[in-house]
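Please read the structure below before turning to the comments.
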Amino acid sequence: MDPLLYGHNPEQGIVAVRQASDSTMRVYIRSPEGLTSKEVEFYPFFLLSDSSFLDNFPIKHWVKELQGSNFFRYLCAFTRWSEMWDAVHHIIEVYNRGAVKRVESFNDLPILHLRYDPVSQFLMQTGRTLFKGMNFEDLHRLQLDIETYTKHGQKFSNPNRPEDQIILIALSDNRGWEYVISGKNTSEKEMLLELVQIIRERDVDVIEGHNIFNFDLPYILKRCELCGIDFTVGRDGSSLRSSDSRSGSRERFTNYILYEIDGRHIIDTMLLLQSYDQSKRVLEHYGLKYAAQYFGFAKEDRMYIPADRISWYWDHEPDLLVRYALDDVRETRLLSDHLSRGVFYLAQMIPFNYGTAARLGSAVKIESLFVREYLHQKHSIPKPQMGAQTSGGYTDIFYTGLLGPIVDIDVESLYPSIMIGEKIGPKSDTLGICYRILENLTRMRLDAKRRMNKSENQTERMLLDALQSSFKILINSFYGYLGYSRGLFNDYEAADKVTQSGQKILHQLINSITSHLGIVVEVDTDGIFFVPPRSFQGEEKEKEFVKMISKDLPRGINLVMNGRYKVILSYKKKNYALLGYDNKIVIKGSSLISRSMEKFGRYFIQQCVDALLNRNINGLHELYLNVYRDIIEHKLSVADFAKTETLRESREEYLEAVEKGHRNRTAAYEVALANLTHWKIGDRIAYYITGTDMNVKGFEHCKLVDEWDPNFPDENMQYYLKRLLELAKKFEVFFTPEDFHAIFSTDDLFGFSAEGITPLMLHVPRVTEEVEEEESEVFQIHPTIELDESEHIV
DNA sequence: GGACTCCGTATACC
DNA sequence: ACGGGTATACGGAGTCC
């Protein structure tokens with residue numbers, strides 16, 4: 004086991020670490036004899052650039068001068084956590100004596116580097132990590148889901164209302180146990196006490212829930228308070244602790260409170276789902292039921308109950324509600340089986356508690372590997388470099404319109420491959436460990452992948468897949484770390500080298516495809532959509548072609564075929580739609596499919612794309628007429644034309660920015676100001692446009708969705724008609740002006756005929772060619788590129 | 001009063 | 001507490017004619 008990746012301490016079976024006192028850590032260990040714990044001494048530390056700041060600090064401490072000439076040259080250690088903070092305050096005071104700008108917090112001290120999390124400090128300095136020698140299945144994981152009552156006439160449960168009590172607690176674990184605490188014949192207080200008892204008796208390592216940070220835990224805590232009991236679920240009998248918001252900035256970026264339990268971990272599957280989707284970007288939202296269906300483990304007879312019917316079921320059909328709640332915990336368990344496995348493997352490497360590892364971004368994880376090794380070698384550590392990256396991925400579009408057949412190729416792990424192949428890493432990494440870590444991770448990943456592909460055992464394959472994908476996420480983040488402004492080891496020049504190398508490889512591929520008479524349509528960073536040469540049609544030939552053009556690539560750069568499609572509707576850079584051989588349609592890009600677009604607009608665009616891909620011109624016209632009619636006849640409901648936006652600023656920030664002229668008023672915030680007394684950053688608000696003039700200012704004519712009355716619809720019909728035409732105009736480039744006006748118009752007194760209307764394909768003018776060519780080259784689809792059913796070899 | 005540009009914010013792609 | 005750059009859409013404000 005490589006100590007660079009796993010730390011230098013091989014101790015096995017650590018399931019959790021928790022600060023026990025000012026100077027000790029409690030380490031919980033699982034061994035064949037059961038669970039034990041021990042108290043271990045801990046020496047809090049930070050890094051300093053100049054040891055003289057501590058010259059007159061009276062309390063016992065150590066200052067170790069580190070090797071090398073990086074910025075942070077002194078390691079300062081203490082016997083107590085509180086004394087470390089005394090030292091920090093001492094330094095702030097000394098620093099402010101000579102400073103032009105006073106600093107208030109250790110965060111603003113450029114001469115000091117301190118990791119706030121004591122557990123992480125401990126793991127980093129001892130080289131320990133969690134879960135060594137353990138399998139994911141060795142963890143005892145409990146899933147929890149509560150159902151709550153809602154007072155009649157109210158929309159949501161509110162833990163502050165006495166009658167909105169917890170009515171059901173559904174529980175399950177990864178050993179096949181399931182249990183429901185029902186509130187039918189039990190008081191809420193007894194229910195909560197039983198829950199505490201169960202968690203302690205079953206002595207679980209992990210408590211899991213979907214949206215547990217934002218709903219279940221705060222709700223449970225509030226009800227415990229009302230019942231006058233403590234939620235003492237810690238392994239040492241302590242209560243669940245919510246993070247004191249000492250760092251007031253936490254709220255700014257994350258809209259949940261953190262909870263900690265002594266000796267155990269809390270995992271919110273909703274957060275796991277979000278980070279899963281950050282790389283895949285396939286989920287419409289992060290609801291449990293939707294996710295279960297997406298991953299394909301929702302059972303057929305699964306019980307569904309709408310949120311606003313829960314109280315009714317409790318009053319009339321409590322058994323069905325029990326079934327529903329059990330289905331919820333089951334799906335939570337399956338979701339976690341799927342998503343938390345990777346975090347488990349990661350926690351074996353990085354110096355963080357399991358729950359922390361599930362929440363951290365990848366930059367912090369990578370940096371922790373660097374810092375741990377530098378501390379181990381007693382080597383000085385650099386500070387973040389000032390500056391910025393100057394280049395990024397290469398994106399381009401060569402044709403718009405309908406083209407096919409299409410092959411989609413990808414350079415596999417483009418940036419990490421370049422970093423390894425050309426040995427690019429941070430200049431400040433004087434020990435040269437970046438390359439070693441990256442290479443080792445990659446080797447382990449490929450090894451896991453190879454074993455996965457060879458394995459016949461379904462369970463083993465899943466296990467190895469989780470392993471390799473958790474490596475992959477980390478591997479892919481190394482490039483991002485180079486350009487990360489706050490990374491200690493950042494290096495913008497190195498990041499630029501990587502992207503420029505990437506651009507070169509893409510250009511080489513494009514040239515290769517074109518020289519073989521393939522037609523490159525769209526390019527983005529590491530992927531190319533192109534029409535293969537006529538002599539390479541059909542799946543086998545296409546694969547052969549990909550193999551051929553990959554031959555000239557640098558060593559370590561691998562090409563894979565990502566997919567093949569009947570047609571592409573190429574619209575703009577990063578915006579296209581694909582029609583697969585299974586007739587499924589995929590739409591990509593914010594201008595074609597965006598969460599901020601009104602529902603009717605999304606529907607309209609989707610149907611238009613469908614019609615275009617299938618060359619159904621009549622369908623386009625019909626669609627336009629139908630939506631037009633729906634708008635003028637008030638057939639749409641408020642949900643169809645409302646816009647939902649996320650509030651990313653607080654009331655105060657917004658008002659201040661507007662007043663100072665830094666930003667304009669917008670409808671979303673004006674609606675929020677008028678209707679909400681308070682909102683959290685991250686809250687979403689749905690509104691619609693009122694008035695009669697189609698050119699109204701949105702922020703002056705907007706109403707909350709709830710204010711809309713179907714009996715007196717007051718949406719701005721003219722405005723939404725204008726909006727419809729705006730959306731239709733996205734398709735203007737695909738037709739001649741005459742054709743476009745014929746299709747997207749309602750004045751077809753003499754009937755509409757699609758005859759003679761063909762979508763255009765345009766060669767997008769090259770920026771480098773702009774001198775020679777003013778207007779783009781327009782031509783009808785040529786047989787080589789046209790999708791012609793008869794030509795297909797499927 | 002429209003056409004135009006500029007700017008900040010939001011969303012999405014890789 | 002926090003990976004990155006590239007790209008499009010949109011609303012509002014200011015400017016010009």
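Note that my numbering has the first sequence beginning at 4, numbered continuously upward. Here a beta-carbon is modelled for each residue, glycine too, at the ideal position from N, C-alpha and C.
Burial state of residue i, where buried means 16 or more other Cβ atoms lie within 10 Å
i: serine 160; result: buried
i: tyrosine 119; result: exposed
i: threonine 695; result: exposed
i: methionine 600; result: buried
i: glycine 231; result: exposed
i: valine 774; result: Low per-residue confidence applies at valine 774: pLDDT is 37, beneath 50, and the placement is therefore not dependable enough to give any value.
i: lysine 187; result: exposed
i: asparagine 177; result: buried
i: histidine 681; result: exposed
i: tyrosine 262; result: buried
i: proline 6; result: exposed
i: valine 20; result: buried
i: glycine 759; result: exposed
i: phenylalanine 81; result: buried
i: serine 339; result: buried
i: glutamate 655; result: exposed
i: asparagine 667; result: exposed
Spatially closest choice to residue i from the options, by CA coordinates
i: leucine 243; options: Asp265, Cys230 and Glu228; result: Asp265
i: aspartate 58; options: Glu44, Val236 and Glu96; result: Glu96
i: methionine 720; options: Ala645, Glu287, Arg144 and Lys544; result: Ala645
i: aspartate 473; options: Leu349, Asn73, Arg558 and Tyr262; result: Reading the sequence as shown, one finds serine at residue 473 and not aspartate. If we check each option's Cα against that of serine 473, Leu349 comes out closest.
i: leucine 363; options: Phe298, Ser480 and Ala391; result: Ser480
i: leucine 676; options: Cys705, Ile692, Gly664 and His116; result: Cys705
i: tyrosine 630; options: Tyr574, Asp141 and Phe603; result: This sequence places valine at residue 630; tyrosine is not what is there. When only C-alpha atoms are compared, the closest one is Phe603.
i: valine 589; options: Ile596, Ala580 and Ser597; result: Ala580
i: glutamine 506; options: Thr749, Asn214 and Asp399; result: Asp399
i: threonine 669; options: Ile684, Glu703 and Glu655; result: Glu703
i: tyrosine 830; options: Ile684, Gly685 and Asp709; result: The chain is shown from 4 up to 797; residue 830 falls before or after that span and cannot be answered.
i: lysine 192; options: Lys158, Glu228, Arg205 and Leu220; result: Glu228
i: phenylalanine 24; options: Glu36, Phe532, Phe45 and Asn214; result: Checking the displayed sequence, the identity of residue 24 turns out to be serine instead of phenylalanine. Nearest C-alpha to serine 24: Phe45.
i: leucine 727; options: Ile608, Ser185, Leu485 and Ser593; result: Ile608
i: phenylalanine 139; options: Glu204, Ala294 and Leu467; result: Leu467
i: leucine 615; options: Val661, Ile596, Ser573 and Gln540; result: Ser573
Bridge-paired residues (DSSP) for residue i
i: threonine 27; result: Glu44
i: leucine 707; result: Tyr690
i: leucine 115; result: Leu51
i: alanine 19; result: Tyr31
i: alanine 580; result: Leu572 and Ile590
i: glutamine 388; result: Per DSSP, none; premise fails for glutamine 388.
i: histidine 382; result: Gln70
Unbroken beta strand (DSSP E) run spanning residue i, endpoints
i: valine 410; result: 409 to 414
i: lysine 591; result: 588 to 591
i: tryptophan 317; result: Premise fails: tryptophan 317 lies in the alpha helix (DSSP H), 313 to 319, not in any beta strand (DSSP E).
i: glutamine 146; result: 144 to 151
i: isoleucine 522; result: 522 to 527
Host alpha helix (DSSP H) of residue i (start-end)
i: glycine 212; result: Premise fails: glycine 212 lies in the beta strand (DSSP E), 209 to 212, not in any alpha helix (DSSP H).
i: threonine 462; result: 461 to 485
i: glycine 622; result: 620 to 635
i: serine 175; result: Unbroken run through serine 175 is the beta strand (DSSP E), 169 to 176; no alpha helix (DSSP H).
i: isoleucine 552; result: 542 to 553
i: alanine 80; result: Taken as a continuous stretch (DSSP letters only), alanine 80 belongs to no alpha helix (DSSP H), being part of the beta strand (DSSP E) at 77 to 81.
i: tyrosine 289; result: Careful: tyrosine 289 lies outside any alpha helix (DSSP H) and carries neither H nor E.
Pairing CB atoms from the region 458 to 469 with CB atoms from the region 400 to 411, are three or more of them under 8 Å?
-> no
Answer yes if the region 268 to 278 comes into contact with the region 304 to 317, meaning at least three C-beta pairs across the two stretches below 8 Å, and no otherwise. no
Under 8 Å: do the region 496 to 507 and the region 395 to 405 share three or more Cβ pairs, one atom per stretch?
Touching, yes.
- Touching or not, the region 77 to 92 and the region 147 to 154, by the rule of three or more beta carbon pairs under 8 Å? no
Check your understanding: On the three-pair Cβ rule with 8 Å, is the region 327 to 338 touching the region 170 to 177?
Key -> yes
At a cut of 8 Å, does the region 368 to 379 reach the region 25 to 40 through at least three beta carbon pairs?
Touching, no.
Between the region 129 to 140 and the region 181 to 198, do at least 3 Cβ pairs fall closer than 8 Å?
Touching, no, given that fewer than three Cβ pairs across the two stretches are closer than 8 Å.
Touch check for the region 558 to 574 and the region 433 to 447: three-plus C-beta pairs under 8 Å? In this structure the region 558 to 574 does not touch the region 433 to 447; the number of beta carbon pairs closer than 8 Å is below three.
For the region 330 to 338 against the region 135 to 149, do three or more pairs of beta-carbon atoms, one drawn from each stretch, fall closer than 8 Å, so that the two count as touching?
yes
message: Does the structure place the region 381 to 393 close enough to the region 64 to 73 that three or more beta carbon pairs sit under 8 Å?
response: Inter-segment contact for the region 64 to 73 and the region 381 to 393 is present: three or more beta-carbon pairs are separated by less than 8 Å.
*Determine contact between the region 441 to 448 and the region 416 to 424, defined as no fewer than three beta-carbon pairs at a distance below 8 Å.*
yes
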